[in-house]
Amino acid sequence: MTGDQSTHSSRSILGGHAPREQRVGSTLPFGDERHLLAHQWLVDEAYLLDEQAYTQWLELLTEDIHYLMPVRVTTAVGTGFDTAPGAAHFDENKYSLSRRVARFLTEHAWTEDPPSRLRHHVTNVRTFATGDDDHLVVDSGVLLFRSRGDVREPALVSAGREDLLRREAGGWRLARRTILVDESVIRMQNLAIFL
Numbered sequence: 001m002t003g004d005q006s007t008h009s010s011r012s013i014l015g016g017h018a019p020r021e022q023r024v025g026s027t028l029p030f031g032d033e034r035h036l037l038a039h040q041w042l043v044d045e046a047y048l049l050d051e052q053a054y055t056q057w058l059e060l061l062t063e064d065i066h067y068l069m070p071v072r073v074t075t076a077v078g079t080g081f082d083t084a085p086g087a088a089h090f091d092e093n094k095y096s097l098s099r100r101v102a103r104f105l106t107e108h109a110w111t112e113d114p115p116s117r118l119r120h121h122v123t124n125v126r127t128f129a130t131g132d133d134d135h136l137v138v139d140s141g142v143l144l145f146r147s148r149g150d151v152r153e154p155a156l157v158s159a160g161r162e163d164l165l166r167r168e169a170g171g172w173r174l175a176r177r178t179i180l181v182d183e184s185v186i187r188m189q190n191l192a193i194f195l
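According to the UniProt record's numbering, the sequence shown holds residues 1 to 195 in order.
Structure follows, in structure tokens:
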């Protein structure tokens with residue numbers, strides 16, 4: 001994943017509170033218990049998102065979560081950036097995420113009524129230690145398949161994610177997620193879902 005996570009957070013509207021822990025060293029071996037736990041966490045999360053069990057998904061988030069999906073831009077080599085400064089598809093904290101979830105439970109969530117059929121394919125998982133044993137940085141690729149209704153063509157979104165997982169009472173929680181989509185123009189009808 002390109003770019004510095006703290007830079008993405010510091011350029012965002014809601015990123016001032018974002019945890020700043022960064023990766024240290026090279027990737028953990030695939031057999032490392034921390035990697036196995038992080039990988040299982042991502043797979044379990046994907047199933048919750050596929051089932052649109054968003055209330056349960058919120059329980060996997062820390063109170064200081066920063067959930068960011070910057071707008072990608074196409075630039076020449078050497079410009080030093082590949083996202084639009086200050087622009088994001090998602091720039092959210094726990095409160096804004098919880099309000100989106102609450103809206104899904106009302107009759108006003110017309111973008112998801114009837115609900116989409118979703119499948120999150122998570123791959124290329126790499127785990128990194130940080131300077132704090134209670135935090136892990138996890139890179140992954142995600143391919144989202146989304147189908148709505150019976151006549152509209154299905155949509156795909158491919159992205160790289162950098163997550164910060166924090167060990168809290170009750171298990172690991174997501175403290176930070178930066179999503180970098182692989183297209184500058186998203187060809188999906190709406191983004192009323194979570195990546």
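By construction, the Cβ of each residue, glycine as well, lies at the ideal position given by its N, Cα and C atoms.
Nothing here was measured: the structure is a model prediction, and the numbers come from that model.
Buried/exposed call for residue i, threshold 16 Cβ in 10 Å
i	result
Y67	buried
A91	Note on residue identity: the sequence assigns Asp, not Ala, to residue 91. Answer is buried; the Cβ neighbour count reaches 16.
E45	buried
V181	buried
G149	exposed
G31	exposed
R177	buried
P114	exposed
T2	Caution applies to T2, whose pLDDT of 39 falls short of 50 and renders its modelled position unreliable; the value that the coordinates give is listed next. By the 10 Å Cβ count, T2 comes out exposed.
R103	exposed
T83	buried
residue 196	The shown model of the chain, from 1 to 195, leaves out residue 196, and the question about it has no answer.
V157	buried
R99	exposed
residue 228	For residue 228 there is no data in the structure shown, the boundaries of the chain being 1 and 195.
T123	exposed
Q5	Because Q5 sits at a pLDDT of 46, beneath the cut-off of 50, its placement in the model cannot be relied upon, and the following sentence gives the value as read from the coordinates. Buried, because 16 or more other Cβ atoms sit within 10 Å of the Cβ of Q5.
R20	exposed
R152	exposed
C-beta contact flag for residue i and residue j at 7 Å
i	j	result
A175	L191	no
R173	T62	yes
V125	H39	yes
S184	V24	no
D64	H17	yes
P85	H8	no
L28	H35	yes
A155	R146	yes
H120	L105	no
A159	L118	no
Within-7 Å CB hit, residue i to chain B
i	result
S158	Reference to chain B is not applicable here, since this structure consists of a single protein chain.
Cβ distance (whole Å) where residue i is taken to contact residue j below 8 Å
i	j	result
S12	A88	6 Å
V138	Q22	The Cβ separation is near 13 Å, so there is no contact.
L49	L97	No, L49 and L97 are not in contact; Cβ-Cβ is about 12 Å, not under 8 Å.
I193	S116	6 Å
Self-check item: Sequence ranges, alpha helix (DSSP H) only - wholly within the region 55-141, length at least 4
Solution: 94-104
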